[in-house]
Amino acid sequence: MSQPITLKDHEKDARLVRRRVLVGIVFVLLLIGVLIARMYYLQVVQYEHHSTLSENNRVHVQPIPPNRGLIFDRTGKIIADNRPSFSLTVTRERAGDWRQVLDGVVEVLELSAEERELFEKRVLQGRRPFEPVPIMYELSEEQIARIAVNQFRLPGVEVAAQLVRHYPQGAHFAHSVGYVGRINEAELKKVDPVNYSGTHHIGKTGIEKFYEDQLHGQVGYEEVETNARGRVLRVLKRTDPIPGKDLTLTLDLDLQEAAEEALAGRRGAIVALQPATGEVLAMVSQPSFNPNLFVTGISFKDYGELRDSIDRPLFNRVLRGLYPPGSTIKPMMAVAGLDAGVITPKTKVFDPGYFQLPNVKHKYRNWNRGGDGSVDLELAIARSNDTYFYDMAHKLGVDRMHDYMTRFGIGQRVSLDMFEEAAGLMPSREWKRARYRQAWYPGETVILGIGQGYMQATPLQLAQATALMATRGKWIRPHLARRIEGELPVDPEPLPDIELQDSRYWDYAVNGMEQVMHGRRGTARKVGDTSLYRIAGKSGTAQVVAIRQGERYDSEALAERHRDHALFVAFAPVENPQIAVAVMVENGESGSGVAAPVAKQVMDAWLLDENGQLKVEYAPAQVAGDEQP
Numbered sequence: 001m002s003q004p005i006t007l008k009d010h011e012k013d014a015r016l017v018r019r020r021v022l023v024g025i026v027f028v029l030l031l032i033g034v035l036i037a038r039m040y041y042l043q044v045v046q047y048e049h050h051s052t053l054s055e056n057n058r059v060h061v062q063p064i065p066p067n068r069g070l071i072f073d074r075t076g077k078i079i080a081d082n083r084p085s086f087s088l089t090v091t092r093e094r095a096g097d098w099r100q101v102l103d104g105v106v107e108v109l110e111l112s113a114e115e116r117e118l119f120e121k122r123v124l125q126g127r128r129p130f131e132p133v134p135i136m137y138e139l140s141e142e143q144i145a146r147i148a149v150n151q152f153r154l155p156g157v158e159v160a161a162q163l164v165r166h167y168p169q170g171a172h173f174a175h176s177v178g179y180v181g182r183i184n185e186a187e188l189k190k191v192d193p194v195n196y197s198g199t200h201h202i203g204k205t206g207i208e209k210f211y212e213d214q215l216h217g218q219v220g221y222e223e224v225e226t227n228a229r230g231r232v233l234r235v236l237k238r239t240d241p242i243p244g245k246d247l248t249l250t251l252d253l254d255l256q257e258a259a260e261e262a263l264a265g266r267r268g269a270i271v272a273l274q275p276a277t278g279e280v281l282a283m284v285s286q287p288s289f290n291p292n293l294f295v296t297g298i299s300f301k302d303y304g305e306l307r308d309s310i311d312r313p314l315f316n317r318v319l320r321g322l323y324p325p326g327s328t329i330k331p332m333m334a335v336a337g338l339d340a341g342v343i344t345p346k347t348k349v350f351d352p353g354y355f356q357l358p359n360v361k362h363k364y365r366n367w368n369r370g371g372d373g374s375v376d377l378e379l380a381i382a383r384s385n386d387t388y389f390y391d392m393a394h395k396l397g398v399d400r401m402h403d404y405m406t407r408f409g410i411g412q413r414v415s416l417d418m419f420e421e422a423a424g425l426m427p428s429r430e431w432k433r434a435r436y437r438q439a440w441y442p443g444e445t446v447i448l449g450i451g452q453g454y455m456q457a458t459p460l461q462l463a464q465a466t467a468l469m470a471t472r473g474k475w476i477r478p479h480l481a482r483r484i485e486g487e488l489p490v491d492p493e494p495l496p497d498i499e500l501q502d503s504r505y506w507d508y509a510v511n512g513m514e515q516v517m518h519g520r521r522g523t524a525r526k527v528g529d530t531s532l533y534r535i536a537g538k539s540g541t542a543q544v545v546a547i548r549q550g551e552r553y554d555s556e557a558l559a560e561r562h563r564d565h566a567l568f569v570a571f572a573p574v575e576n577p578q579i580a581v582a583v584m585v586e587n588g589e590s591g592s593g594v595a596a597p598v599a600k601q602v603m604d605a606w607l608l609d610e611n612g613q614l615k616v617e618y619a620p621a622q623v624a625g626d627e628q629p
């Protein structure tokens with residue numbers, strides 16, 4: 001039988017309830033205290049931190065890439081400009097599964113698997129996940145419409161308008177101006193990440209690369225307010241970018257076209273300089289290529305065709321082509337021989353058609369196997385007599401030849417703003433010992449005297465050596481930039497002028513060059529006879545394959561690409577030099593017959609007016625008392 005509930009039991013239960021209520025109240029108060037403390041910590045103590053985070057969620061800073069500087073020729077004709085283009089961009093942070101998004105893009109635009117692979121590669125090269133990365137350029141109106149219709153399936157994908165580089169002259173200046181292309185990972189590590197925010201292209205070759213800092217400009221910014229989906233609501237603040245500096249080149253479009261026409265589709269190189277200033281008037285390497293193919297990404301097919309072509313259109317023959325200079329360096333060798341005292345202007349050598357070292361049976365043949373008889377310096381240059389220069393080289397020696405030829409720029413980089421230039425080679429005893437671990441032989445000195453053997457030079461170096469003959473040794477580095485936003489380029493390391501013991505030595509060598517063109521026995525007199533002005537020139541050939549002792553050069557027995565290269569250097573007018581030219585025609589064989597007419601055609605384009613008469617400003621200076629023609 002249950003016992004009755006007493007008053008004492010009620011009081012006990014009431015105390016238990018009160019204790020539980022009290023504990024609950026205390027617990028609730030503690031929780032409220034913690035919440036108040038946390039709220040105070042977040043709202044007061046860390047106010048600035050969370051205010052910044054909140055602002056960052058609402059306000060974004062977007063880079064504004066600067067417009068790239070324009071490039072003009074010396075007359076103001078546009079060589080490189082910027083034109084609007086619609087591109088497709090992907091922002092990884094907003095795309096979610098961006099690889100799946102790329103699949104959607106390929107499906108919507110009906111693209112190939114190769115293009116899908118290229119898109120992924122471009123996205124992975126993007127610097128930061130919140131920055132839009134262009135994956136496709138030059139969108140058509142139909143492609144833009146397809147993207148707009150399927151926008152709901154493609155988060156993080158946008159069509160953006162931007163300026164891209166364009167070369168309206170096409171292949172004319174591909175090897176001098178160069179081109180821009182997409183920034184790769186290696187370049188990304190070298191550039192300023194702040195200044196290149198939003199920039200996806202950089203100079204790859206030529207002037208575009210050398211003057212990248214000047215052409216690029218300074219990045220700008222704008223602070224924009226966005227909604228939760230990242231859509232821009234309004235612009236809060238804007239700092240305009242500073243455009244890149246415009247660049248005016250020394251090149252002349254009309255002369256460039258005339259030089260290309262003179263080559264007539266043959267493989268080769270032409271350089272035309274203004275001797276007094278070092279300005280490069282024309283720079284042709286043929287065949288060439290269209291640089292616009294590289295700006296937004298060249299296709300595998302197009303690049304394969306350029307890369308694998310036997311004619312090597314991507315190879316810059318002016319700056320990278322190394323050829324034995326042949327007889328073109330004989331005037332410089334003559335200056336060296338005169339200044340060193342091993343010959344005089346009256347020194348004569350009897351030429352039986354060959355030269356022999358003392359007590360050596362080997363015969364070093366003259367190109368004229370019958371010989372030229374008694375030859376002095378002027379006739380030796382005019383006739384390009386090998387025997388005379390064999391003899392002089394033997395007397396001069398390799399050490400002095402090396403010293404003089406390097407002063408003319410052979411074997412060293414001579415340009416101011418052409419970083420791709422090869423140094424060439426002017427051999428020496430020390431070089432051969434280091435390269436082959438062999439001694440230098442007297443026979444190597446002999447053939448060095450006619451520009452053969454180990455000696456190698458670029459067409460640009462030959463043009464500069466010729467310009468030094470025209471200016472009597474005044475050194476001004478060849479350069480392509482004429483003005484950078486109105487400012488002149490500066491040579492940080494000018495080379496010393498060539499000082500001779502007697503300045504008349506220049507005249508003796510130049511007289512020989514003039515006789516090449518206008519003398520009765522000159523090797524290029526047929527070209528010189530048609531000229532309205534006096535030309536100082538020198539022809540040459542560069543062997544591609546060696547000819548055995550006693551054998552004759554047989555053009556018909558050789559494959560076309562094994563035939564000699566044709567070389568020619570010249571400056572004009574002799575009395576008032578305005579242009580120096582170097583021409584190299586690959587496998588052209590005859591310097592005087594093939595390369596000389598090309599050089600003459602280039603000089604005519606520069607020196608003659610539209611009526612075919614010598615321009616007044618280029619006429620020889622009149623001496624007081626002379627009658628006007």
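The opening position of the sequence shown corresponds to residue 1 in my numbering, with each subsequent residue numbered one higher.
Cβ atoms here follow ideal geometry from the backbone N, Cα and C, with glycine treated the same way.
Only a predicted model underlies this, so the values are computations on that prediction, with no experimental measurement involved.
Item: CB contact flag (N195, Q218, <8 Å); Value: yes
Item: Rounded C-alpha distance that separates Q628 from R83; Value: Confidence at Q628 is low in this model, with a pLDDT of 36, below 50, so the placement of that residue is unreliable and no value is reported for it.
Item: Reference D417; option with closest CA among S503, L448, G206; Value: G206
Item: R429 in three-state terms, based on DSSP; Value: helix
Item: H216 - containing alpha helix (DSSP H), residue span; Value: 212-216
Item: Alpha carbon of F350 to alpha carbon of A467, nearest angstrom; Value: 31 Å
Item: Closest by C-alpha distance to G703, when choosing among A422, W440, P243; Value: In this structure the chain extends from 1 to 629, so residue 703 is not present and cannot be described.
Item: Closest Cα partner of W506 within the set L338, V123, D97, E260; Value: L338
Item: Euclidean distance between Cα positions of Q622 and A595; Value: Note that Q622 has pLDDT 49, beneath the 50 cutoff, so the model's placement of it is unreliable and no number is given.
Item: Cα-Cα separation between R504 and I329, rounded to whole angstroms; Value: 19 Å
Item: Continuous beta strand (DSSP E) stretch holding H201: start and end; Value: 201-203
Item: Pick from H479, A186, P331 that is closest to L488, judged by C-alpha positions; Value: H479
Item: Sequence-distant residues of its chain with Cβ nearer than 6 Å to K600 (five each side left out); Value: V527
Item: Cβ contact check for the region 143-159 and the region 94-106: 3 or more pairs under 8 Å; Value: yes
Item: Member of R472, G519, G449, G69 whose CA lies at the smallest distance from the CA of H201; Value: G69
Item: Three-way DSSP call (helix, strand, coil) for E158 in this model; Value: strand
Item: Cα-Cα separation between V360 and A524, rounded to whole angstroms; Value: 34 Å
Item: Cβ distance (whole Å) where I78 is taken to contact P168 below 8 Å; Value: 6 Å
Item: Span separating the alpha-carbon of Q501 from that of R400; Value: 15 Å
Item: Contacts around V133, its chain only, beta-carbon distance under 8 Å, and the 5 residues preceding and following it disregarded; Value: T89, V90, T91, R92, R122, V123, Q125, G126, H200
Item: Backbone secondary structure at R15 - three-state DSSP; Value: helix
Item: C-beta atoms of A276 and I579 nearer than 8 Å; Value: no
Item: Run of the alpha helix (DSSP H) containing I381, from where it starts to where it stops; Value: 377-383
Item: As assigned by DSSP and simplified to three states, the class of P331; Value: helix
Item: Touch test, the region 407-422 against the region 374-390, Cβ-Cβ under 8 Å, three pairs minimum; Value: no
Item: Rounded straight-line distance, which links the Cα of A582 to that of A463; Value: 5 Å
Item: Buried or exposed (CB count within 10 angstroms, at least 16 for buried), D564; Value: buried
Item: Cα-Cα separation, Y211 to A434; Value: 36 Å
Item: Which of helix, strand or coil DSSP assigns to L322; Value: coil
Item: Residue span of the beta strand (DSSP E) that contains P134, given as start and end; Value: 133-136
Item: Continuous beta strand (DSSP E) stretch holding Q286: start and end; Value: 279-286
Item: Opening and closing residue of the beta strand (DSSP E) in which L247 lies; Value: 247-249
Item: Own chain residues within Cβ distance below 6 Å of H335, not counting five before or after; Value: Just to set this straight, residue 335 is Val in the shown sequence, not His. If we look at V335 and ignore the five residues flanking it on each side, its Cβ neighbours are Y505, A509.
Item: Beta strand (DSSP E) segments (min. 3 residues) lying fully within the region 558-615; Value: 565-572, 579-585
Item: Proximity to H60 [Cα-Cα], best of V21, F86, E223, D13; Value: E223
Item: Integer Cβ distance of Y323 from M584, believed to fall under 8 Å; Value: 6 Å
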